[in-house]
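Residue numbers (numbering that gives the first Met the number 0), protein chains in the order written: chain A, 0 to 125; chain B, 0 to 394.
Where is the CB? At the ideal position from N, CA and C, for every residue including glycine.
Nothing here was measured: the structure is a model prediction, and the numbers come from that model.
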Amino acid sequence: MTERNMKILIVDDEETIGRALKTGLEMNGFTVRYESCSTGVIAVCLEFHPDLVLLDIGMPVKDGGLVASELRNHQALRNTPVIFLSSLVNKEEAQQNTSGDILLSKPIPIAELVLKIRAVLHNKAV
Amino acid sequence: MEQVAADVQQKKPDILVVDDTPANLQLLSGMLKERGYRVRPVPSGKLAIQAVQKEKPDLILLDISMPEMNGYEVCERLKADEASKEIPVIFISALDETLDKIMAFATGGVDYITKPFQFEEVEARVRTHLNLRRLQINLESQNRQLQEYNDRLKKLEDLRDNLTDMVVHDMRSPLMGITGNLELLEMDAGKKLNGDERLAIVKDARSSGLALVGMVNSLLDVSRLEQGQMPLNATESDIDVLIKNALDSLGSLTKQVSILHRKQVPPLTVNCDAELVTRVIANLVGNAVKFTPKAGTVAISTAEDGNGTTLRVADTGSGIPREYHEIIFEKFGQVEARKQRKMYSTGLGLTFCKLTVEAHGGTIGVESEVGKGSTFWFTLPRPTAAAALLKKGTQ
Chain A
0 MTERNMKILI VDDEETIGRA LKTGLEMNGF TVRYESCSTG VIAVCLEFHP DLVLLDIGMP
60 VKDGGLVASE LRNHQALRNT PVIFLSSLVN KEEAQQNTSG DILLSKPIPI AELVLKIRAV
120 LHNKAV
Chain B
0 MEQVAADVQQ KKPDILVVDD TPANLQLLSG MLKERGYRVR PVPSGKLAIQ AVQKEKPDLI
60 LLDISMPEMN GYEVCERLKA DEASKEIPVI FISALDETLD KIMAFATGGV DYITKPFQFE
120 EVEARVRTHL NLRRLQINLE SQNRQLQEYN DRLKKLEDLR DNLTDMVVHD MRSPLMGITG
180 NLELLEMDAG KKLNGDERLA IVKDARSSGL ALVGMVNSLL DVSRLEQGQM PLNATESDID
240 VLIKNALDSL GSLTKQVSIL HRKQVPPLTV NCDAELVTRV IANLVGNAVK FTPKAGTVAI
300 STAEDGNGTT LRVADTGSGI PREYHEIIFE KFGQVEARKQ RKMYSTGLGL TFCKLTVEAH
360 GGTIGVESEV GKGSTFWFTL PRPTAAAALL KKGTQ
């Protein structure tokens, strides 16, 4: 599978961040869909079939931790890699959100994020 | 303990004299009474223990050689009991071997006087040990007080650390908005993006910058309002104009849900600091939008009654459980809410709103039920009352 076909779903309630990530990942060759609302993520995944979900944690209505555990409990989606991209800083909160493959903290350079995404996708492929 | 200290200072010091020889007992008691002490003479060790249990003396003069229970045993018993162990015991005995004296100190005595004694010496030693005891009691009470202060400061320090954590955490998100968008422009070396796209990126970076400015302002304003150092610049303002300015300041955020705002005819005016109250409204509407799913509505309404002017912001979001209704407005409450699951946490915005409304003499609150949305409201007092208060505030 070439990277061109790799599909990333971004979920972040901050649109200024979500849009920047979408553009940045597209510039790096990914196919990207962005959602600012965390409530319909399962439905979006079933339709979009992302290779990886990039998930904010601190979101109103439904937080990223809950979304990730929903993905993990879904027959068709449980193997989809999840990267948490969060502004959470303390250990306590990191321990609460272990259902993702990795936890990255904002702000992170987009270039670095791209490297992490490639590493996670590569590991899954192997 | 403080009570005891006061007693020692104000009342006659209470001295228990223990001696099995009636003549000695009488002589010593008489002399001490003459010097203004309250004296309780007892002729045996057993009675001494009972007397202490009945009422704690300030000091004990204790003979050693007594039948049944000697002075050492009495002293050991008193020292083994939490309630009596601090009472100073001065041994007074005809035994003058060094070993006896060592034994006396080993059982917990503070001093040793040999018979026959000079009364002046007895009194000097009694006075010295009463003073030492008083100082000890004072120190203990000061220690306790310091411990309490220290505990309280520690707790405040923890709260402050958590608050700093929260504020820093909140700032990381707009920082990502700034650095991420700037990085896009930098990455766009091949100029793939067109002018409109580049402009959109710049706008997003700027709006993240403004969000950061808003957070810094809230933080600074909260501490200024708390210290009562925020001057209010009160003017007569049309409340619908304030609402419009607030909505404008929120920019694209207001496009996420439908916002209903019915203007008042004729205009409704309030006497307030227009800039601060505009920011209060922006905070309340901004939160309402954030916590309302797409396709939901946020309705802003105003009304006037005898108490003043009330503005209400009603959303169709997920609602807030009862136990959070007060703490979401408190500075440290935010930290708590954040720890639980952070869904009702909005940084310091609501604390800023509460302090601002209260500085105007008004009240703020929320009515909310889980699953049915929330209505945040605040009431500013009628112009006359507000003007009087504002005037008072500026004096």
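- Among the residues of chain B, none has a CB under 9 angstroms from the CB of Ser-68 (chain A); the nearest is roughly 13 angstroms distant.
- Within a 10 Å sphere around the beta-carbon of Arg-124 (chain B) sit 16 or more other beta-carbons, which makes this residue buried.
- Against chain A, the CB of Lys-293 (chain B) has a partner CB under 8 angstroms away; the residue lies at that interface.
- Against chain B, the beta carbon of Lys-105 (chain A) has neighbours under 8 angstroms at Arg-171, Ser-172, Leu-174, Met-175, listed in chain order.
- Listed in chain order, the non-local C-beta contacts of Met-170 (chain B) below 7 angstroms within the same chain comprise Leu-211, Met-214, local neighbours out to five positions each way being set aside.
- By the neighbour-count definition (other C-beta atoms within 10 Å, threshold 16), Tyr-36 (chain B) is a buried residue.
- If you draw a straight line from the Cα of Thr-315 (chain B) to the Cα of Ser-37 (chain A), it comes to about 16 angstroms.
- Secondary structure of Gly-213 (chain B) (DSSP, three-state): helix.
- As for any alpha helix (DSSP H) of minimum length 4 sitting wholly inside the segment 75-114 of chain B, the runs are 97-105, ordered along the chain.
- Secondary structure of Ala-294 (chain B) (DSSP, three-state): coil.
- Using a Cβ distance threshold of 8 angstroms, Ser-367 (chain B) and Ile-319 (chain B) count as a contacting pair.
- Pro-40 (chain B): not part of any alpha helix (DSSP H); member of the beta strand (DSSP E) spanning 37-41, first to last residue.
- Bridge pairing for Lys-243 (chain B): absent [DSSP].
- Glu-46 (chain A) and Met-5 (chain A) have their C-alpha atoms spaced approximately 15 angstroms apart.
- Below the 7 angstroms Cβ cutoff, chain B contributes Pro-292, Lys-293 as neighbours of Cys-36 (chain A), in chain order.
- For Ser-251 (chain B), the number of other beta carbons within 10 angstroms of its own is below 16, and it is reported as exposed.
- Residue contact with chain B for Arg-71 (chain A): absent (no Cβ-Cβ distance below 8 angstroms to any residue of chain B).
- Taking Gly-307 (chain B) as the centre and dropping the five residues before and after it, the same chain places the C-beta of Thr-378, Leu-379, Pro-380, Arg-381 closer than 6 angstroms to its C-beta, in chain order.
- No Cβ of chain B is located within less than 8 angstroms of the beta carbon of Val-52 (chain A).
- For Val-166 (chain B), the enclosing alpha helix (DSSP H) has its first and last residue at 118-186.
- Secondary structure note for His-260 (chain B): it is in no alpha helix (DSSP H), and the uninterrupted beta strand (DSSP E) holding it is 257-260.
- Against chain B, the CB of Leu-20 (chain A) has a partner CB under 8 angstroms away; the residue lies at that interface.
- If you draw a 10 Å sphere on the C-beta of Leu-77 (chain B), you find 16 or more other C-beta atoms in it, and that means buried.
- In the structure shown, the three-state DSSP call for Asn-4 (chain A) is helix.
- Ile-63 (chain B) places its beta carbon 8 angstroms or farther from that of Leu-15 (chain B).
- The three-state secondary structure of Val-16 (chain B), taken from DSSP, is strand.
- Shown here, Ile-101 (chain A) sits in a strand according to DSSP, grouped into three states.
- Distance from Val-167 (chain B) to Leu-347 (chain B) at the Cβ level is roughly 12 angstroms; contact not present, criterion being Cβ atoms closer than 8 angstroms.
- Gly-63 (chain A) is outside the set of residues whose beta carbon lies under 8 angstroms from a beta carbon in chain B.
- Residue pairing for Ile-82 (chain A): DSSP places it in a beta bridge opposite A:Leu-53, A:Ile-101.
- Closer than 8 angstroms to the CB of Val-31 (chain A) there is not a single CB belonging to chain B.
- Straight-line spacing of the CA atoms in Lys-330 (chain B) and Ala-204 (chain B) works out to 28 angstroms.
- The CB of Glu-13 (chain A) comes closer than 7 angstroms to the CB of Ser-172, Gly-176 in chain B, given here in chain order.
- DSSP places Cys-36 (chain A) in no beta strand (DSSP E); its state is neither H nor E.
- Around the beta carbon of Val-51 (chain B), 16 or more other beta carbons sit within 10 angstroms, so the residue counts as buried.
- When CB distances to chain A are screened at a threshold of 8 angstroms, not a single residue of the segment 96-121 of chain B falls below it.
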